[in-house]
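Enquirer: Below you will find the structure I want to go over with you.
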Amino acid sequence: MKSLFAAARFSAASCLVAILLVASAPAQSPAPAALAAAEPSTAAEVYGQGVRPTPWLSPQQQRDGFHLPEGFEIRLFASEPQIAKPLNIAHDDQGRLWITQSTRYPYPRRADPDADDDAADAVVILQDADGDGFAEQVTTFADDLNIPIGILPYGDGCLCFSIPNIWYLRDTDGDGRCDRRDKILGPFDTTRDTHGMVNALRDGGDGWIYACHGFNNQSTVAGTDGHSVTLQSGNTFRFRPDGSRIEQVTQGQVNPFGTTIDDWGYRYSADCHSKPITQLISGACYPSFGRPHDGLGFLPPMIDHLHGSTAISGIVYVSDASTWAPLRGQMISGNVMTSRLNRNHVRYHGATAVGDELPDILTSDDPWFRPVDLRFGPDGHLYVADFYNRIIGHYEVPLEHPGRDRTSGRIWQIRYTGPSSPTTTNRDDADARLLLAALRIVADDDDTAAFARRSLDDPNSHVVRQAAERLGETGSADDIPRLLERLTHVDAQDHVLRQTIRIAIAKQLRQAPRESSVWDLASDDRLGGELVDILPAVNRAEATTAMLHFLASSANATDHRDMFRLVAARVAAEQLDACVNVARRVAGDDIQQQIEWLNLIWESQNVSPANVPPALKQWADEIVEHQWQAFTASLDRNAPLIAWSSDDGKAWGQQPRPTRDGRTISLHSSILRGEAYTGTQQSEAFDAPPQIRFWLAGHNGFPDKPDQRRSFVRLVDAETNAELRRAYPPRNDTAAEVRWDMSSLEEGRRVRIECVDGDDGRAYAWLAVGDFHPDNLNSENTLGWLDDALQWTERAGLKAREPELLAVLRSPSLSSSVRLRIAQSIATLRGNADARWLLVAIDNSRAPRIAGQPDLDSIELITRLLDGDAEALQQVGRRVTTQLTTGQQQRFALQWVRGAGSVERLLAMARSGSLAADVFADEDLWQSLEPKLSDAQRTQVEAFRRQAAARPSASDERLQRLQATIGQQQGSLENGQPLYRQHCAGCHQLRGTGLVVGPQLDGAVARPAARLLEDILTPNRNVDDAFRTTSFLTFDGQVLVGLVQSETDEEVHLIDSQGQPRRLATDDIEVRQRTERSLMPSNVGELLTDQQIADLLAFLKNQ
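Residue numbers (mature numbering (1 follows the signal peptide of the UniProt record, and there is no 0)): -27 to -1, 1 to 1076.
See the structure below:
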């Protein structure tokens, strides 16, 4: 069983043998035959259920329920009690089948090695001595293992992963059982997850063993040579069988489980959470959960379809030399969710494999069929490891669920019984494969680079790709111009060849001498464009300098924001001034461009008010001065500015619209939030003028239907909310003028304008409004200048500007909202977080005036708050919070805690009764609050939480009600799609739409509606460990909560609950706590009506 390629170097004789073998290989098979298994008799919806409702079946009963095309048959090779639950399988050169099996899965062995524990987690050898398709001989080679998965027969035993190491399990005395266990590599991280792990061990024939890392865990592992790799979930790697070295092969993916190799030597993986099949290219990066790419970009997927689930395990390629003639050139993969074996035909666009979906080769009436691994045996038959179980989901169903089967497992053998014939040999393909074999075999020889350079000009894309890969490993910086030249001639759709060449160039750039002329190629007219796109993958000062020079000389630098962001993050302190100069040159006099580019540098450098570099502080101060002057110059002492806000905090965007008098004007339009959006944009209160004029466009339903009158603009009394005037959109894209005579209203009447989009239809469901008279209602430009000035004053810590802020604070030209906003900035400059968040709350609360007490927005009270007056802080806190609903109080408290507000003052509000105890039952608040609590404060908060727990949960009550009635609720597919985009797509991807921050929904939508309801209304009930959040308390009192994507010794990269990337310097972290909570906000269900939930479910289930 010793591998032919166990050594790192090979003799000329072995090289010649391998070349001759490849040269005689048949060419690619003809187009796939039309084969399809019959659909199962079991209802389709059963295969979407996490807990199968059908009973356990005997192996014979299960076999009778399989469906295969004509010409194929299935036999039971082994089952319980011969074996337990199989995980991975592999054949040795005697034709015996080695399996890893477990009864502990998914619970690892207890830490105490002497504790009583069964020994069923084992490596078992199965042998069919008489060739009838049933294994009569069963040998337990090694037992007492710990969820063993990856296995490869090797030497006098096997290589095997068993938590937490890869072991060489040896039979040194020849009795057929393991008597020696040598640790090869480890420990691998298994603290986050125990499914997936290290799997699919494959002999690469090049002195390396290739493997998949599996799901979620973050392992740092070193060979005996000291070289280590860090693997964050997904990933594939390779190692020397003696453990002397380990190397990362690919980055990304989520849960690769099973690999295969095609006739051109490409490796492919199945993946249990991203695309079903991935063509693996050494050094390439693939999409994962929100993690960034390596600077070269993600290699695009070879298939876009998903075979009905994201639970793909095990994969085989049907070689052109296979006796399975109808399936040659195809992939077969296991689908543990749909209980099928899926098929794809593989074709090539240059070196890029493309998978075309074909009908399934096997279906099963028994939904307990769970094909977790597939391998072709030396006998030409396909072997399928069946994890036979009612439940397969690791997180979708509780691990302790009693329905999980711990003992049943089957191995199936599928035989092709139809006619077979050899394929016709294509001489060009044979020659190309000869070159490929030679390039691989001589990978470690001194003359490899010369051979690879000559092969770069080969007409076959596979040969060129292999040559480029070898030059990346064995070439030098002198090869970079040649590689760039070859890259310019590659078809843009040949993603694999292009990326391989780019990877090779990046590798050589990482070791190129500082004085090498290759860095000057960035300015080359012909090759520079290709090189510049590769430089982001090279984290060297020379690469950063080259990119900076490129941006400085580029006429279209604004098209390279991502590159500039990277440059800004990497520039050394001595290069920052040059970086700022480039940004300022590119932005010119366009102040918004200046703000955008300053922000890029600011965020990339992770600047905080306490550590602003001088060049950035000066630039920020100049921007503030420009915007502040524009703001103050526009103030009209006779007409205070009137600010606008929306009910969800997201302003309606502006859109040009024609008017009936022939002009084009800019209007605030709800359509920019989507046709199905519903919500309100409203002004703050103002004294009613004699007349109000404005322009209004939009619709209230389809033109051929009656006016639904759901959308409108109205004027209301600011104190009583009584409606005074109303106007409906003209049911036209062209705006009509609206005039309201206000002369009948008493002088000084406080009023407010509300623009209401109440139509959630899929079309003709929007309105647009603007161009008001009096002009102080058109405040967007002036307030935009103010927002810019205040934001950068706060971010840059420009304390010297506080006097001018205080001076304008008393101006009669300021409305209440504007005055409060300026006061918030003063509070921030003074470090008074309590005052800041109370000022924010005042602005949001619309608390009524109280006789004998100063108005909350009065200069007197604002000044006292800014001065830190304890009595004022207490008084305002009580008055504000008593006007808020419990939900609003929760949002107020969360903002308070995360924004460094005083915990003691928040608790005082609760003790006084102005803040409901139920507020502290909110898990988002608890997660942010917990790191800050003293022992006494913790006791108080826990008492509040107990009070809240004694009352029924509104979300639980609603969940039970909706689960009982969801089958009777008719949902709208059309209305559900925009709801998905609005509430889900920011973090979840479905059928390619949305961001991959949280779990992809392609598999989740197969769940029953009742479970999907639970996921929406109670998102923290079942949280996959990979998506549990971490809370950070910083030394300045702020709390950040998010999903950690990656981290270094210097900083942590995370995604917050809005799906936005955040960076946190490790030196700023005081407390860090990992939680059991999801990143998904716990109030998503509160934002949706029952009908909207039904619409969203209708859309999800239809996918």
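All C-beta atoms, glycine included, are put in the ideal place defined by N, C-alpha and C.
On the three-state DSSP scale, how would you describe S52?
Expert: Correct three-state label for S52: strand.
Enquirer: Give me the DSSP bridge partner(s) of C185.
Expert: N172, T209, per the DSSP bridge assignment.
Enquirer: Taking G68 as the reference, which of I56, L60, P81, A102 has the closest Cα?
Expert: For G68, the nearest C-alpha among the options comes from A102.
Enquirer: Are the segment 771 to 791 and the segment 609 to 629 in contact at 8 Å, needing three or more beta carbon pairs?
Expert: The segment 771 to 791 vs the segment 609 to 629: in contact.
Enquirer: What does the alpha-carbon distance come out to for the pair L482 and A519?
Expert: Each residue's alpha carbon lies about 12 Å from the other.
Enquirer: Among the candidates A983, I989, S1030, A982, whose CA atom is the shortest distance from the CA of T1003?
Expert: With distances taken between Cα atoms, T1003 lies closest to S1030.
Enquirer: Is the number of C-beta pairs between the segment 774 to 790 and the segment 628 to 642 that are closer than 8 Å three or more?
Expert: Touching, no, given that fewer than three Cβ pairs across the two stretches are closer than 8 Å.
Enquirer: Out of curiosity, what's the CA-to-CA distance linking A6 and L300?
Expert: Bear in mind that a pLDDT of 49 at A6, under 50, signals an unreliable position, so the number given afterwards is only what the model happens to contain. One C-alpha to the other measures close to 7 Å.
Enquirer: Is the Cβ-Cβ distance between P121 and Q55 less than 9 Å?
Expert: For P121 and Q55, no; Cβs fall outside 9 Å.
Enquirer: Given R377, which residues of its chain have a CB within under 6 Å of its CB, disregarding the five upstream and five downstream residues?
Expert: Correct list, in chain order: I364.
Enquirer: Assuming G287 and V345 are in contact, meaning their beta carbons sit under 8 Å apart, how far apart are those beta carbons, in whole angstroms?
Expert: Sure, about 6 Å apart at Cβ, within 8 Å.
Enquirer: Can you grab the Cα-Cα spacing for the pair A93 / S242, in whole Å?
Expert: A93 and S242: Cα-Cα distance of roughly 28 Å.
Enquirer: Work out the CA separation of R646 and S306 for me, nearest whole Å.
Expert: Taking the straight line from one Cα to the other gives about 41 Å.
Enquirer: May I ask which residues mark the beginning and end of the beta strand (DSSP E) holding M715?
Expert: Note, M715: premise wrong, no beta strand (DSSP E); not H, not E.
Enquirer: From V559 to A525, what does the alpha carbon distance come to, in whole angstroms?
Expert: In a straight line, the C-alpha of V559 is about 8 Å away from that of A525.
Enquirer: Please classify D37 as buried or exposed, where buried requires at least 16 neighbouring CB atoms within 10 angstroms.
Expert: By the 10 Å Cβ count, D37 comes out exposed.
Enquirer: Where do the N-terminal and C-terminal ends of the beta strand (DSSP E) with P951 fall, by residue?
Expert: First-last for P951: 946 to 956, but that is the alpha helix (DSSP H), not the beta strand (DSSP E).
Enquirer: Does the beta carbon of E720 sit closer than 9 Å to a beta carbon anywhere in chain D?
Expert: Absent from the structure is chain D; it holds one protein chain and no more.
Enquirer: Pick from G757, E43, V1044: whose alpha carbon is nearest that of S607?
Expert: Closest option to S607, Cα to Cα, is G757.
Enquirer: Would you decide whether Q964 is buried or exposed? Buried here means 16 or more other CB atoms lie within 10 Å of its CB.
Expert: Reading off the sequence, residue 964 comes out as Arg, not Gln. Label assigned to R964: exposed.
Enquirer: Mind listing, in chain order, the continuous beta strand (DSSP E) runs of no fewer than 3 residues lying wholly within the segment 358 to 403?
Expert: 383 to 389, all fully within the segment 358 to 403.
Enquirer: I need the DSSP call for K156, collapsed to helix, strand or coil.
Expert: Residue state, collapsed to three classes: strand.
Enquirer: Should F1000 be labelled buried (16 or more other beta-carbon atoms within 10 Å of its own) or exposed?
Expert: With 16 or more other Cβ atoms within 10 Å, it is buried.
Enquirer: Can you give the Cα-Cα distance for R687 and A909, rounded to whole angstroms?
Expert: Cα-Cα distance, rounded: 50 Å.
Enquirer: How many Å lie between V711 and T1021 at the Cα?
Expert: Computed Cα separation, rounded: 59 Å.
Enquirer: What residues are listed by DSSP as bridge partners for C728?
Expert: Paired residue(s): Q654, V686.
Enquirer: Anyone know if the C-beta pair for Q1046 and Q900 falls short of 9 Å?
Expert: Yes, the pair counts as a contact, with Cβ atoms nearer than the cut-off.
Enquirer: Comparing C-alpha positions only, which one of V1057, A873, L1061, F893 sits nearest to F1005?
Expert: The shortest Cα separation from F1005 among V1057, A873, L1061, F893 belongs to A873.
Enquirer: When burial is assigned at 16 or more other CB atoms within 10 Å of the CB, is T193 buried or exposed?
Expert: Exposed, by the Cβ-count rule.
Enquirer: Counting Cβ pairs closer than 8 Å, one from the segment 168 to 181 and one from the segment 124 to 134, do we hit at least three?
Expert: Judged by Cβ distances under 8 Å, the segment 168 to 181 makes contact with the segment 124 to 134, as three or more pairs qualify.
Enquirer: What residue from G123, S217, S201, L158 has the CA that sits closest to C185's CA?
Expert: The option with the nearest alpha carbon to C185 is G123.
Enquirer: Going by alpha carbons, who is nearest to W71 out of I98, E903, P59?
Expert: The residue with the shortest Cα to Cα distance from W71 is I98.
Enquirer: By DSSP's criteria, L496 is part of a beta bridge. Which residues make up the other side?
Expert: Note that residue 496 is Ser in the sequence shown here, rather than Leu. DSSP output for S496 lists no bridge partner at all.
Enquirer: Would you kindly work out how many angstroms separate the C-alpha atoms of D117 and D988, rounded to a whole number?
Expert: Each residue's Cα considered, the two are about 38 Å apart.
Enquirer: Given that a residue counts as buried once 16 or more other Cβ atoms are within 10 Å of its Cβ, and exposed if not, what is G231?
Expert: Burial call: buried.
Enquirer: How far does the beta strand (DSSP E) with L1029 in it reach, from first residue to last?
Expert: One point to set straight first is that residue 1029 is Asp, not Leu, in the sequence displayed. From DSSP, the beta strand (DSSP E) with D1029 extends over 1024 to 1029.
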